[in-house]
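Colleague: Protein chains in written order, with the numbering used here: chain A, 1 to 327; chain B, 328 to 1090; chain C, 1091 to 1260. Just so you know, even glycine gets a beta-carbon here, dropped at the ideal spot from N, CA and C. Quick caveat: nothing in here was measured; it's all calculated off a predicted structure.
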Amino acid sequence: MRDFSYFRAASTEEASRATLDAGAMLLAGGTTLLDLAKCGVTEPDTLVDITHLAGLGDMTVDANGATIGALAKMGEVADHPGVKAAFPAVAQSLSLAASAQLRNMATIGGNLLQRTRCSYFREPGVFPACNKRNPGSGCSAIGGVTRNHAVLGTSRACIAVNPGDLAVALVAFDAYVEMGRRRVAIEDFYMLPGETPDWETVLKKGEIITGIAIPASPAAKNSTYLKVRDRQSYEFAAASAAVGIEFEADGKTVRDIRVALGGVATRPWRARAVEQSLIGTVLNVEAVEKASRLSVEGAVSHGGNRYKIELAPRVVARAILTMGGLA
Amino acid sequence: MTIMETRKHGDAADGMVGGRFSRLDGKLKTTGGATYALEQPVKNLVHAVLVQSTIAAGRVVAVDAGKAKAAPGVLSVFTPEDDLGLLVASDWFGNRPDNQPFHPLPREVSFNGQAIAAVVAETLEQATEAAKLVKVSYEETQPVTGLDDPNAGEGRLVDMLSVGWGDAEAAYAAADIRIEAEYRTPREYHVPIEPHGLTVKWEGDFLTVWEPSQWTHGMARTYAEWFNIPADNVRIVSPFIGGGFGSKAMGYTYSAVAAAAARKLGRPVKLAVTRPQTFTAYGGRAATRQTIRIGATKDGVLQAIVHRGASETSVLADFPEQTGAATPLLYAVPNLSTQHRLVPVNTVTPGALRAPGKNPSAFGLESAIEELSYAIGMDPLELRLRNYADHDYQSGKPWSTRQLREALTVGAEVFGWSKRSHEPRSMRDGRQLVGWGIGCGTFPVLKAASEALIRILGDGSVEVVSGAIDMGQGTYTILAQTAAEVLGVPAEQVDVKLGDSSLPGATVAGGSMLAGAITGAVHKAATAARDELIGLALNDSNSPFRDTGANTLVIADGRISVPRGEGPSLTLAELMSAIGRDRIETQRNTLPEGANGPEDHKRSWTTMANIEGPTAGDLSMHSWCAHFVEVKVDEDFGTVRVSRVVSAFDCGRIYNPKLAESQWRGGIIMGIGQALLEEGLIDERFGRVINNNMGDYLVPTNADIPHIQVISVGIPDHDASVLGGKGVGEVGIVGVAPAIANAVFHATGKRVRDLPITLEKLI
Amino acid sequence: MTRTIHLSLDINGKQHELDVEPRVTLLDALRESLALTGTKKGCDQGQCGACTCHVDGKRVLSCLTLAAQVEGRQITTIEGIAAEGGDLHPVQAAFIENDAFQCGYCTPGQIMSAVACIREGHAGSEEEIREYMSGNLCRCGAYNSIVAAVREAAEMAATGVAAKDKAEVA
Ligand SMILES: Cc1cc2nc3c(=O)[nH]c(=O)nc-3n(C[C@H](O)[C@H](O)[C@H](O)COP(=O)(O)OP(=O)(O)OC[C@H]3O[C@@H](n4cnc5c(N)ncnc54)[C@H](O)[C@@H]3O)c2cc1C
Ligand code: SF4
Ligand code: FES
Ligand code: FES
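1. Measuring CA to CA, which of A:Tyr6, A:Ala78 and A:Ala106 is closest to His1212 of chain C?
2. Considering Ala398 of chain B, what are the terminal residues of the alpha helix (DSSP H) in which it resides?
3. Taking 8 Å as the CB-CB limit, is Phe567 of chain B close to chain C?
4. Give me, in chain order, the residues of the same chain whose beta-carbon lies closer than 7 Å to that of Arg747 of chain B; leave out the 5 immediate sequence neighbours on both sides.
5. Going by DSSP in three states, Arg1015 of chain B sits in which element: helix, strand or coil?
6. Are the Cβ atoms of Pro1027 of chain B and Ile996 of chain B separated by less than 8 Å?
7. Taking just the CA atoms, how far does Ile999 of chain B sit from Gly570 of chain B?
8. Mind listing the chain A neighbours of Ala1030 of chain B? Cutoff is C-beta to C-beta under 7 Å, in chain order.
9. Indicate whether Cys1153 of chain C and Thr1127 of chain C have their beta-carbon atoms separated by less than 8 Å.
10. Does the CB of Met328 of chain B have a neighbour CB from chain C at under 8 Å?
11. Considering Cα atoms alone, identify which of A:Thr42, A:Ala213, A:Leu294 and A:Tyr225 is closest to Met179 of chain A.
12. Residue range of the beta strand (DSSP E) that Asp822 of chain B falls in?
13. Sort out for me which residues DSSP pairs Glu509 of chain B with in a bridge.
14. Take His1073 of chain B and list the residues in its own chain whose beta-carbon comes closer than 7 Å to its own, dropping the five residues that flank it on each side.
15. Contact criterion: CB-CB distance below 8 Å. Does Arg17 of chain A meet it with respect to chain B?
16. When you compare only the Cα positions, how much space is there between Lys1077 of chain B and Val967 of chain B?
17. Would you list the residues sitting across from Ile68 of chain A in a DSSP beta bridge?
18. Kindly indicate the opening and closing residues of the alpha helix (DSSP H) around Phe554 of chain B.
19. Label Ser437 of chain B either buried or exposed according to how many other C-beta atoms from any shown protein chain fall within 10 Å of its C-beta, with 16 as the threshold for buried.
20. In the structure shown, what three-state DSSP assignment does Glu1057 of chain B receive?
21. Return yes when the C-beta of Gly40 of chain A is under 7 Å from any heavy atom of ligand 3, and no when it is not.
22. Could you pull the DSSP bridge partners for Pro470 of chain B from this structure?
23. Any idea what DSSP makes of Leu372 of chain B, helix, strand or coil?
24. Going by alpha carbons, who is nearest to Lys221 of chain A out of A:Ala66, A:Met59 and A:Arg8?
25. Taking C-alpha atoms, which residue in C:Glu1221, C:Arg1209, C:Phe1191 and C:Leu1097 lies nearest to Thr357 of chain B?
26. Please list, in chain order, the chain B residues whose beta carbon lies closer than 9 Å to that of Gly144 of chain A.
27. Can the beta-carbon of Ala160 of chain A be found less than 8 Å from the beta-carbon of Thr116 of chain A?
28. Nearest-angstrom Cα distance between Gln721 of chain B and Arg713 of chain B?
29. Using only CA atoms, which one of B:Phe742, B:Pro513, B:Glu456 and B:Val387 lies nearest to Tyr465 of chain B?
30. The beta strand (DSSP E) spanning Gly385 of chain B covers which residue range?
31. So the beta strand (DSSP E) Gln630 of chain B belongs to, where does it begin and stop?
32. Starting from the C-beta of Gly29 of chain A, find all residues in its chain whose C-beta is less than 6 Å away, skip the five residues before and the five after it, and write them out in chain order.
33. Less than 8 Å between the C-beta atoms of Val964 of chain B and Ile1084 of chain B, yes or no?
34. In the DSSP assignment, the beta strand (DSSP E) including Met179 of chain A goes from what residue to what residue?
35. Which whole runs of the alpha helix (DSSP H) in the segment 420-461 of chain B are 4 residues long or more, in chain order?
36. Roughly how many whole angstroms lie between the Cα atoms of Glu515 of chain B and Glu639 of chain B?
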């Protein structure tokens, strides 16, 4: 890691002010930041430690939904009885992520801002070309080993996956990211790479994520997060799906359904086409499988990641069928 | 046959050797007290960090170290410009070119990730950051990146590895049933949890190296030759090794760089290879491909095996990963031909990784055998038993011991094999497809001499001293057991000192041969110590036994007494005190009389030239095993989980079942990783392994591993070793990957012939 | 050295004073500055678990934690879990008894993780133990025995068998 200075912010305002400096960065759990600093991807001059700030780690869950402070730890949220009851997919997305140790360190705010695991991005000394790190330098991944790269939302500038699990569940249930007084729907928080893959979210310099808000909904309460990967644990998703379903009073007809995908796209990916085609229907295996294929409409393969186009709809279908009692 | 019940506490009820003792070094390892190479409290240390090449082939044109040198704390930057004054050292067999200079930081780049510079600074952080500031410019040439590179060619035939008898081609052509398939294994890596590295310190012309070492004496010789100093001036210290699996048996280029830097700077140097750097700082298992053709009768009697294999090696040296190593050994076959080719590519020179050769070889053969079983519709267990080899067809010699039939039948019984339905896709557990498969394994008995010192001290305690090492196989523990058994003392009374090249000589902890070699030496030295003690007890004028008229004495439970129980009975401490001795020391080795001079010692302890192969004598000696594996496959996702493993082993006599079982399971788990997860991914544009870290090169986690039942069906083999054991460490991985591939086929009807079996190959 | 800072760290119940650069991780501070080398470095990237220790009783990875971040927190390492008199912690004893390691390099991390795993209540079944111990890789492949050891120690913790009785066995 490049040499930096370290200080503990005494208040959110102080932290916010400090990060207006060009080389300053907020330090939460450090599991993304220090990792990337070691790789040489980020080279901060100053780290502003916010983990000691009081109040930013609080959680409340009530009939309206959940509000979770930015400093709440992944592990705490995963184990929170209220979250587990009202948002099973959210809790599962967290408990299936990383490892117990990392979940004790990593914060919800930091989690939303984790960076891609693209191997080319992570070795700047070896692969100078990376538009995300160094705009305009090119993309080393295209034409290389792309097994873990995105098939959805890619551009000719960047095909890196957004690897987070939590954000997928949050996108499915229309959560908000709170930045002090500003509040943004999480789907609008993340940006497609386009020509500017270095620009990943709408967070502005000096802005701090203070928390997230997840509105309660019957679909969120009846939800699941399904994560498929090579290894049984301690690995990012090859493909994942967050699915929640609300049925009509008849218990069969879909009134509301939410579907989001992870591990396959450049940002957490809401699959509205799948939702639209199933709303108002009674689920059956064939229809679900057919609808699930809409989740990868427009997907582009780069060779090694072709399997994701096949895999993702199957993961979506299984998650829907599970929630529909058909798996 | 013994099915090992897990018994709670180690005790001598099973005999001292053969008892389920807990590890002697257990307390140190569980309290953080075991000190590994990079943890030595050496004063005045500086830190070295490597800079590796970012191209796969070409020349270093210039190294701009200006910025790095100007960075805070930096003491020096070593580059190809620097002549470190080293000489090329011997190879493993002791061959050495005369006075040839050795440049561990070369100008010619022959693989991506080759060390070309090193930065030394006061702190680790300073050296790490400064290393990123070193700018290297290259003149690139076109690399050959792997076996499939169009410029790689067919490779060179390695004549030494060609084996044949009968007329395999003709017999294959004439066979009723013929199968042919190509099998592939990718680059695989050791990934010991302790990354490589070393701490070095010079005192005048004397060099101390704390480095994880599977072979202290061999590595000491290497350093002495690099620096052209007497062998006795080098001391390798390696009491604990955080996993080796074949990767810690030699000094590598970075070792030389660290030692040279320490000499130039006049300060001790610590060099930690970073995890990503470990992927190219030394070689893993080479990628292989092999084509197997098997001819058989309709009722499954093998007629011919024709095997053609190849492995990649570097452009710098030949390291064959022998795809034909297991092929001639497993089955009775009247006609066989195997050949192996070496294909030089721009990679780090591959190395030995757990069961080199045998492992990929068994993947090919054991997959092919099951392909045959489906081709003729015969149960794969029955097919294997039908073609059971009653002797070694390759050497023509009888087996010393071969309990492979027992391994197959006992394993099948415990696994419940008879409940299997042969048809692929015929077994299910809910949504999951279930598959069962078998894979057999073999590993040769290699024999080498070693030396040990036994000390009986005044307080009656015993010390075993040897330069042999313990990287987790349990050397500390089994040597305490061996000495305790011979000397009739409780194992707790024995202390074992290992892992130091200044101690008595030992062969390499590789090829699963150390246990056999070193227990032999300890047994011999302890027997001599015992004889000396009894001699003194009978003859010393102050000994209470002098007048008993006994002509021998017995030692048991720490007491020495007259055989039939009459007369005095003393503890060893009491006897030592009575005869006025504070120590008895005996040093013995297992070299033959007449070949036991200083040159013989040097050759035996520091080279592999004296190692005897499995058929050096009149017999053919090997360890054997049979794995029975159940997998569950989610067909929608292509995910495979191993849900059950039963493995039966013939490794001769087991010195400590508790530790042997751990090693077997360890091998099986590495085999599960090999089958399902492990693969170095090469970016062909750059010839670089891009998943060079533990988040992307996946090894199994706890959640990937089911309960693994291991069973010993071995019987003592005293031709293989003094105490009757055969090798334990490597055979466990052999046959696991094909067992899994076979189970996946049984589950899904899809035959995956290139490892690993990842989800995209099944969906 | 450039910008060093003075830290006072509470490790295993003792205050340790040190001057380090702010970029020094807790792992390197322990190993390089404080001679507490029981905590291991396997990857330095959060990918193996060898560096696991406890901060305020929670298991964390010391390779992705700055030493400066944990000033004022209680740090516990493998050197600090045995009883005052030297009796092994029940998890340590269970690891020895079950042969839950070979080379021993992942072991301090496994044990620190296991102690926390039991404390968190995540040692209820073998399946749960496997999942919650998956952040600690063991290349020697001691997983079966690790699960057995955690199970045994968890049962002991539940039934209140004294650590000492087990320690003597070892
Ligand atoms: C080996 C490994 C495996 C992993 N596996 C998974 C996985 O399977 N699934 C998964 O989802 N994740 C996984 N992760 C990623 C992990 O979840 C993230 O690293 C973590 O959530 C980041 O949180 P943090 O608090 O540590 O963030 P930090 O590293 O402290 O910060 C990350 C970024 O966010 C900024 N930041 C932090 N907090 C705020 C705030 N409140 N306001 C504004 N900016 C802020 C920082 O400046 C920094 O740029 C894994 C990580 C590792 C190392
Ligand atoms: S995919 Fe994106 S992150 Fe990866 S190398 Fe290309 S531009 Fe960089
Ligand atoms: S060293 Fe910290 S996780 Fe590997
Ligand atoms: S005991 Fe060696 S890595 Fe776990």
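Modeller: Quick look at the numbers:
1. Taking only the C-alpha atoms, the option nearest His1212 of chain C is A:Ala78.
2. Element bounds for Ala398 of chain B: n/a, residue is neither H nor E.
3. At least one chain C Cβ lies under 8 Å of Phe567 of chain B.
4. Taking C-beta separations shorter than 7 Å and ignoring five residues to either side along the sequence, the partners of Arg747 of chain B in its chain run Trp763, following chain order.
5. Per DSSP, reduced to three states, the secondary structure at Arg1015 of chain B is strand.
6. In this structure, Pro1027 of chain B sits near Ile996 of chain B, with a CB-CB distance shorter than 8 Å.
7. Per the coordinates, the alpha-carbon of Gly570 of chain B lies some 18 Å from the alpha-carbon of Ile999 of chain B.
8. Here the neighbours are Gln232 and Ser233.
9. Result no, Cβ atoms of Cys1153 of chain C and Thr1127 of chain C do not sit closer than 8 Å.
10. In this prediction, Met328 of chain B scores a pLDDT of 36, lower than 50, which makes its location untrustworthy; no coordinate-derived value is stated.
11. Relative to the Cα of Met179 of chain A, the nearest Cα in the group A:Thr42, A:Ala213, A:Leu294 and A:Tyr225 belongs to A:Ala213.
12. For Asp822 of chain B, the enclosing beta strand (DSSP E) has its first and last residue at Val821 to Lys824.
13. According to DSSP, which records beta bridges pairwise, Glu509 of chain B is partnered with B:Thr618.
14. Hits under 7 Å: Pro751, Gly762, Trp763 and Gly764.
15. For Arg17 of chain A, the answer is no, since every Cβ of chain B falls outside 8 Å of its Cβ.
16. Rounded to whole angstroms, Lys1077 of chain B and Val967 of chain B show a C-alpha spacing of 12 Å.
17. Beta-bridge pairing links Ile68 of chain A to A:Met59 and A:Ile212.
18. Phe554 of chain B: member of the alpha helix (DSSP H) spanning Thr543 to Phe554, first to last residue.
19. Burial call: buried.
20. In the structure shown, Glu1057 of chain B sits in coil (DSSP, three-state: anything other than H, G, I, E or B).
21. No; taking the cut-off as 7 Å, the Cβ of Gly40 of chain A has no heavy atom of ligand 3 nearer than that.
22. Paired residues: none, contrary to the question.
23. In this structure, DSSP gives Leu372 of chain B a state outside helix and strand, which the three-state scheme calls coil.
24. Selection A:Ala66, A:Met59 and A:Arg8 evaluated against Lys221 of chain A yields A:Ala66 as nearest (Cα-Cα).
25. Thr357 of chain B has its Cα closest to that of C:Phe1191, out of C:Glu1221, C:Arg1209, C:Phe1191 and C:Leu1097.
26. Among the residues of chain B, those whose CB is under 9 Å from the CB of Gly144 of chain A are Asp1010, Glu1011, Arg1012, Phe1013 and Ile1017, following chain order.
27. For Ala160 of chain A and Thr116 of chain A, yes; Cβs fall inside 8 Å.
28. Answer to the nearest angstrom: the Cα atoms are 19 Å apart.
29. Nearest of B:Phe742, B:Pro513, B:Glu456 and B:Val387 to Tyr465 of chain B, Cα basis: B:Val387.
30. Per DSSP, Gly385 of chain B belongs to the beta strand (DSSP E) from Gly385 to Asp391.
31. Here the beta strand (DSSP E) through Gln630 of chain B covers Leu629 to Ser641.
32. Scanning its chain for C-beta atoms nearer than 6 Å, with the 5 sequence neighbours on each side dropped, one finds around Gly29 of chain A the residues Met105, Ala106, Thr107 and Gly110, in chain order.
33. A small correction: the amino acid at residue 964 of chain B is Phe; Val does not occupy that position in the sequence shown. Against a cut-off of 8 Å, the Cβ pair of Ile1084 of chain B and Phe964 of chain B comes out as no contact.
34. It spans Tyr176 to Met179 - the beta strand (DSSP E) in which Met179 of chain A sits, taken as one unbroken run.
35. Whole alpha helix (DSSP H) segments, 4+ residues: 451-460.
36. A straight line joining the alpha-carbon of Glu515 of chain B with that of Glu639 of chain B spans about 12 Å.
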